[in-house]
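Q: Below is one structure. I have some questions about it.
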């Protein structure tokens with residue numbers, strides 16, 4: 007339907023506001039494309055009592071500072 011303050015549109019031409027207004031009627035009569043999503047459950051995971059086959063990866067610390075070989079060498083550098 008056209009509001010009293012809206013200009014008459016060309017025949018078979020709908021404005022965005024009129025499409026939005028009439029969409030509730032179209033949606034009620036149209037078939038639903040899919041059912042509502044069902045809640046999911048977590049997977050079975052590793053069975054209790056079995057060993058973990060993939061150990062966690064250990065990374066090298068990777069220090070970049072050159073250290074003194076002995077305590078005396080360290081003290082000599084400090085002065």
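Residue numbers (my numbering): 7 to 85. Cβ coordinates follow ideal geometry from the N, Cα and C atoms, glycine included.
Three-state secondary structure (DSSP) at residue 28?
A: Taking the first residue of the chain shown as 1, we reach residue 28 at position 22. Of the three classes helix, strand and coil, the one that applies to residue 28 here is helix, per DSSP.
Q: Please report the distance separating the alpha-carbon of residue 82 from that of residue 74.
A: By one-based count along the chain shown, residue 82 stands at place 76. By one-based count along the chain shown, residue 74 stands at place 68. Their backbone Cα atoms lie some 10 Å apart in a straight line.
Q: State yes or no: is the C-beta of residue 8 within less than 8 Å of the C-beta of residue 17?
A: Along the chain shown, read from residue 1 onward, the residue named residue 8 stands at position 2. Along the chain shown, read from residue 1 onward, the residue named residue 17 stands at position 11. For residue 8 and residue 17, no; Cβs fall outside 8 Å.
Q: Just to confirm, is the Cβ distance from residue 58 to residue 64 under 8 Å?
A: Numbered from its first residue, the chain shown carries residue 58 at position 52. Numbered from its first residue, the chain shown carries residue 64 at position 58. The answer is no: Cβ separation not under 8 Å.
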